[in-house]
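Here the structure comes first, spelled out in structure tokens, and everything after it is commentary.
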Amino acid sequence: MPRDTLPQACDACRRRKVKCTTHRPCSPCRSIGLVCRSSGAHRKKGRQGRSANVLYELKANGNPDPLEATQTDGVTPVHSPNDTATMGYVKKSYLLNGGLVQSCAAYFYSRMLGTVPILHPDQFQDQVARMEECPHAYCLVVAFCAFVLTQTGYLSCHQGTDPELGRALLDEAMIARRHVDPFSAPIRLAITIAFLLYGSHIGCGNQRQAYYFLREATTFYTADMLDQSADEHQPGFSGKLFWLLLISERAHAIRRRRPITLQITNTSPAVDTPPLDTFSLGFSHLVDLYRPFDESFLSIWNGTQGLCTRDSLVQLEEHLQRSVPADLDLPDVLLADLRVSQQWLRTMIWQLATTAGFLSSTPTHPSLDFRYPLQIARDLSLATWKLSQESMETHGVGLVEKIFEVACTLTDVMACLSSTGLRSSGFEMGPQDYLKHLCSLVHSLHSGNKRFLPLLMAKIGHTLPAMVIPISRHLGLEGLAGAVDAGEKKDTDSRADIDRDLNWAEMSRIGDVTPDLEDSSLL
1 MPRDTLPQAC
11 DACRRRKVKC
21 TTHRPCSPCR
31 SIGLVCRSSG
41 AHRKKGRQGR
51 SANVLYELKA
61 NGNPDPLEAT
71 QTDGVTPVHS
81 PNDTATMGYV
91 KKSYLLNGGL
101 VQSCAAYFYS
111 RMLGTVPILH
121 PDQFQDQVAR
131 MEECPHAYCL
141 VVAFCAFVLT
151 QTGYLSCHQG
161 TDPELGRALL
171 DEAMIARRHV
181 DPFSAPIRLA
191 ITIAFLLYGS
201 HIGCGNQRQA
211 YYFLREATTF
221 YTADMLDQSA
231 DEHQPGFSGK
241 LFWLLLISER
251 AHAIRRRRPI
261 TLQITNTSPA
271 VDTPPLDTFS
281 LGFSHLVDLY
291 RPFDESFLSI
301 WNGTQGLCTR
311 DSLVQLEEHL
321 QRSVPADLDL
331 PDVLLADLRV
341 SQQWLRTMIW
351 QLATTAGFLS
361 STPTHPSLDF
371 RYPLQIARDL
381 SLATWKLSQE
391 SMETHGVGLV
401 EKIFEVACTL
411 TDVMACLSST
421 GLRSSGFEMG
431 PQDYLKHLCS
441 LVHSLHSGNK
451 RFLPLLMAKI
461 GHTLPAMVIP
471 ISRHLGLEGL
481 AGAVDAGEKK
491 DTDSRADIDR
501 DLNWAEMSRI
511 GDVTPDLEDS
521 SLL
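Residue numbers in the sequence shown follow full-length UniProt numbering, run continuously in steps of one, and reach 523 at the last position.
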């Protein structure tokens, strides 16, 4: 996975001790008009040569060093947009222009309100109008565009956009974020900025930074400083922020085994009541999907509390089935997130049942059967076959990762079946067909090909080596088998970071032999 920083920063960033970026000229140098250069030599401590003249160069250009800017009560002074000595977050027109902002807004508000109701369109346009005079507004708009470019399928619909622009905008948003005091702006604005930075870091694969901003957003909310009256003119958005943070926190906690802070209580904001518009209806189903995954569940999931019961897991499974019924009629863009999230959560429940030792060849409920991931994979395959690729692309890397985890679990179960049990029968699809389809999704969806497909093929090569060539042919990648072997020899440090982020050990644990798996009737 690519790193956010180069092995060696440019001379100016190294001298000022600020984070340098991957592209040249880097964002910190561009933001204040410095010449970005790298000598490539390791220098002794102290000012030496041309790299010692950064402060003089700043003064010569008429640009104050942002790190040394004078602040009053934690707020950076706002300069006129025409002032040549203005801060970098005001004069970055070559990164952020009106056309890009409106293009990102059009994409987001036509597709994402059913899953990310973070900011009303009118409120966003108000912030756009104020971005040249208000650092908080500028930070929000840049973070919003970074979120759209890194976390959604925007790039797949705008082929001419530089793929690195999202990372550059995230770097710019982080620079702007350093110059604003979250407590000097309305709390809702601070929460929104933190959430957008969380999503942008997720899209770039920066898990630690993402978790920091997610916790910041939920901490602001739980600090009981949110002024609900600020939403009175937009009643459709009142309370949705709480549920969006709750869903995001619980999904992240399950993926990364983290604790949560937000709880559903009698004082929690009410979810919209009927009649609902299409986006609100989709969001209400998403809320219902994550309701039972509370602190008690996560304590068991994280291993900090005693084991669960069979009945509790069966109840969770049945709840997931009711939350997104098979006959639910919604637009593809809403169904894509609901269906994939539903099957991913079913997989997580099954993994918990595996850990607890509840699986059996003669289960009391289908979800406690060893073969149940085959049914989950079938349901996910049928659901995604009916959806357009664009609708799945919209949800970005988060949706791809869920499909990836379902495919990993399917692979582990297939490794414990006989060759007869893997093949299709007549006109019926079989496990091999489901695995090929899930691999096709990971391969074709944005962020999947470079980020997850090599890991998935390495998993298959280790667990089901006979499937590598058929899947490679199915994907039209004849040389992928050799690439999988080469992938085993890559940098071990980079691979360890990826494995840790994706809970590789947890995905593979179901391959461990248990008494139930030794039952010959399963083979």
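Cβ coordinates follow ideal geometry from the N, Cα and C atoms, glycine included.
(message) Measuring straight from C-alpha to C-alpha, what distance separates Leu-368 and Leu-435?
(response) Here the question's residue 368 lines up with position 368 in the sequence shown. Here the question's residue 435 lines up with position 435 in the sequence shown. If I take the Cα positions, the gap works out to 21 Å.
(message) Please return the same chain residues whose Cβ sits closer than 6 Å to the Cβ of Pro-431, not counting the five positions on each side in sequence.
(response) Position 431 of the sequence shown holds residue 431. Closer than 6 Å at Cβ, skipping near neighbours: Leu-374, Met-414 and Leu-422.
(message) In whole angstroms, give me the CA-to-CA distance for Asn-302 and Gly-114.
(response) Here residue 302 refers to the residue found at position 302 when the sequence shown is read from its first residue. Here residue 114 refers to the residue found at position 114 when the sequence shown is read from its first residue. In a straight line, the C-alpha of Asn-302 is about 30 Å away from that of Gly-114.
(request) Evaluate residue 527 with the Cβ neighbour count: other Cβ atoms within 10 Å of its Cβ, from every protein chain shown; 16 or more gives buried, anything less gives exposed. (result) Outside the displayed range of the chain (1 to 523) lies residue 527, so it cannot be described from this structure.
(message) Buried or exposed for Lys-17, going by 16 or more other Cβ atoms inside 10 Å?
(response) Stepping through the sequence shown from its first residue, residue 17 is reached at position 17. Classification of Lys-17: exposed, given that the 10 Å Cβ count is below 16.
(message) Which same chain residues end up closer than 7 Å to Phe-404 when comparing Cβ atoms and leaving out the 5 residues on each side of it in sequence?
(response) Taking the sequence shown and counting its residues from 1, one reaches residue 404 at position 404. Result list for Phe-404: Val-442, Phe-452 and Leu-456, in chain order.
(message) Does the structure place the stretch 210–221 close enough to the stretch 190–201 that three or more beta carbon pairs sit under 8 Å?
(response) yes
(message) Quick check: what's the CA-CA separation for Gly-448 versus Pro-28?
(response) Within the sequence shown, numbered from 1, the residue matching residue 448 stands at position 448. Within the sequence shown, numbered from 1, the residue matching residue 28 stands at position 28. Cα to Cα, the separation comes out at about 30 Å.
(request) Output the distance between the C-alpha atoms of Phe-183 and Val-116, rounded to the nearest integer angstrom. (result) Taking the first residue of the sequence shown as 1, we reach residue 183 at position 183. Taking the first residue of the sequence shown as 1, we reach residue 116 at position 116. Approximately 24 Å, taken between the alpha carbons.
(request) Flag this pair as touching only if the stretch 163–171 and the stretch 139–148 have three or more C-beta atom pairs under 8 Å; answer yes or no. (result) Yes, since at least three Cβ pairs between the stretch 163–171 and the stretch 139–148 fall closer than 8 Å, the two stretches touch.
(message) Just to confirm before moving on: does the CB-CB distance between Cys-308 and Leu-352 stay below 8 Å?
(response) Counting from 1 along the sequence shown, the entry for residue 308 is found at position 308. Counting from 1 along the sequence shown, the entry for residue 352 is found at position 352. The Cβ atoms of Cys-308 and Leu-352 sit closer than 8 Å to each other.
(message) What would DSSP say about Arg-16, mapped onto helix, strand or coil?
(response) The count along the sequence shown starts at 1 and reaches residue 16 at position 16. Here Arg-16 sits in helix by DSSP.
(request) Can you say whether Phe-370 is buried or exposed, counting buried as having 16 or more other CB atoms within 10 angstroms of its CB? (result) Taking the sequence shown and counting its residues from 1, one reaches residue 370 at position 370. Label assigned to Phe-370: buried.
(message) Measuring alpha carbon to alpha carbon, tell me which residue in Val-180, Gly-398, Ser-312 and Leu-119 is nearest Ala-336.
(response) Your numbering for residue 336 matches position 336 in the sequence shown. Answer by Cα proximity: Gly-398.
(request) Could you tell me the distance, in whole angstroms, from the CA atom of Leu-409 to the CA atom of Ile-187? (result) For the purposes of this step, residue 409 is identified with residue 409 of the sequence shown, where counting begins at 1. For the purposes of this step, residue 187 is identified with residue 187 of the sequence shown, where counting begins at 1. The identity of residue 409 in the sequence shown is Thr, whereas the question assumes Leu. Distance between the alpha carbons of Thr-409 and Ile-187: 41 Å.
(message) Suppose you measure from the CA of Val-340 to the CA of His-136; what does that come to, to the nearest Å?
(response) Residue mapping note: residue 340 aligns to position 340 of the sequence shown, counting from 1. Residue mapping note: residue 136 aligns to position 136 of the sequence shown, counting from 1. When rounded, the distance between both Cα atoms is 35 Å.
(request) Just mark Val-35 as buried or exposed, buried being the case when its beta carbon has 16 or more other beta carbons within 10 Å. (result) Within the sequence shown, numbered from 1, the residue matching residue 35 stands at position 35. Its Cβ having fewer than 16 others within 10 Å, Val-35 is exposed.
(request) Report yes if the CB atom of Gly-203 is closer than 8 Å to the CB atom of Gly-396, and no otherwise. (result) Counted from its first residue, the sequence shown places residue 203 at position 203. Counted from its first residue, the sequence shown places residue 396 at position 396. Yes, these two residues count as a Cβ contact at 8 Å.
(message) Threshold first: 4 residues or longer. Then list the alpha helix (DSSP H) segments lying entirely within the stretch 95–160, N to C.
(response) 98–111, 121–130, 135–151 and 154–157
(request) Identify the continuous alpha helix (DSSP H) that holds Met-457 and give its terminal residues. (result) By one-based count along the sequence shown, residue 457 stands at place 457. First-last of the alpha helix (DSSP H) with Met-457: 453–463.
(message) Let me confirm a value: Gly-418 is counted as buried when at least 16 other C-beta atoms fall within 10 Å, else exposed. Which label applies?
(response) As a position in the sequence shown, residue 418 is number 418, starting the count at 1. First, the amino acid is wrong: residue 418 is Ser here, not Gly. Classification of Ser-418: exposed, given that the 10 Å Cβ count is below 16.
(request) State the DSSP-derived secondary structure class of Ser-27, mapped to helix, strand or coil. (result) Position 27 of the sequence shown, counted from the start, is the residue given in the question as residue 27. In the structure shown, Ser-27 sits in a helix (DSSP, three-state: H, G or I).
(request) Decide if Asn-206 is buried, meaning its Cβ has at least 16 other Cβ atoms within 10 Å, or exposed. (result) In the sequence shown, counting from the first residue as 1, residue 206 sits at position 206. Buried, because 16 or more other Cβ atoms sit within 10 Å of the Cβ of Asn-206.
(request) Could you tell me how far apart the beta carbons of His-285 and Val-333 are, in whole angstroms, since I believe they sit closer than 8 Å? (result) In the sequence shown, the residue the question calls residue 285 occupies position 285. In the sequence shown, the residue the question calls residue 333 occupies position 333. Wrong, their Cβ atoms sit about 13 Å apart, outside the cutoff.
(request) Please name the residue, chosen from Met-392, Pro-269 and Leu-313, that lies closest to His-446 on a Cα-to-Cα basis. (result) Residue mapping note: residue 446 aligns to position 446 of the sequence shown, counting from 1. Of the candidates Met-392, Pro-269 and Leu-313, the one whose C-alpha sits nearest the C-alpha of His-446 is Met-392.
(request) Can you give me the start and stop residues for the alpha helix (DSSP H) that Thr-192 sits inside? (result) Within the sequence shown, residue 192 is the residue found at index 192, counting from 1. Here the alpha helix (DSSP H) through Thr-192 covers 187–204.
(request) Spatial neighbours of Asp-493 within its chain, please: CB distance less than 6 Å, with the 5 preceding and 5 following residues excluded, ordered by chain position. (result) Taking the first residue of the sequence shown as position 1, residue 493 is located at position 493. For Asp-493, the predicted structure reports a pLDDT of 41, less than 50, and the residue's modelled location is therefore unreliable. A value from the coordinates is still provided. The answer is none, since no qualifying residue turns up.
(message) Can you check whether the C-beta of Asp-327 is within less than 8 Å of a C-beta belonging to chain C?
(response) Among the protein chains of the structure shown there is no chain C, as only one such chain exists.
(message) For Asp-272, count the other beta carbons within 10 Å of its own beta carbon; 16 or more makes it buried, fewer makes it exposed. Which is it?
(response) Counted from its first residue, the sequence shown places residue 272 at position 272. Flag for Asp-272 reads buried.
(message) Using a 10 Å radius around the Cβ and a threshold of 16 neighbouring Cβ atoms, would you call Gly-98 buried or exposed?
(response) What you label residue 98 is simply residue 98 of the sequence shown in a count that begins at 1. Gly-98 is exposed by the Cβ-count criterion.
(request) Check the C-beta distance from Val-141 over to Gln-151 and give it rounded, since I have them as a contact under 8 Å. (result) Position 141 of the sequence shown, counting from 1, holds the residue named residue 141. Position 151 of the sequence shown, counting from 1, holds the residue named residue 151. Incorrect: roughly 16 Å between the Cβ atoms, too far for contact.
(message) On the criterion of 16 or more Cβ atoms from any shown chain inside 10 Å, does Gly-357 qualify as buried, or is it exposed?
(response) Counting from one through the sequence shown, the residue named residue 357 turns up at place 357. Burial call: exposed.
(message) So for Asp-162, helix, strand or coil by DSSP?
(response) Reading the sequence shown from its first residue, position 162 is the one you call residue 162. In the structure shown, Asp-162 sits in coil (DSSP, three-state: anything other than H, G, I, E or B).
(message) Classify Phe-427: buried if its beta carbon has 16 or more other beta carbons within 10 angstroms, exposed otherwise.
(response) If you number the sequence shown from 1, residue 427 lands on position 427. Exposed: under 16 other Cβ atoms inside 10 Å.
(request) Pick out whichever of Leu-359, Arg-322 and Ala-210 has its Cα sitting closest to the Cα of Leu-289. (result) Stepping through the sequence shown from its first residue, residue 289 is reached at position 289. The candidate whose alpha carbon is nearest that of Leu-289 is Arg-322.
(request) Select from Tyr-154, Gln-315 and Ala-253 the residue whose C-alpha is nearest the C-alpha of Glu-390. (result) As a first step, residue 390 is located in the sequence shown; it is residue number 390 there, counting from the start. Residue Tyr-154 is the option with its Cα nearest to Glu-390.
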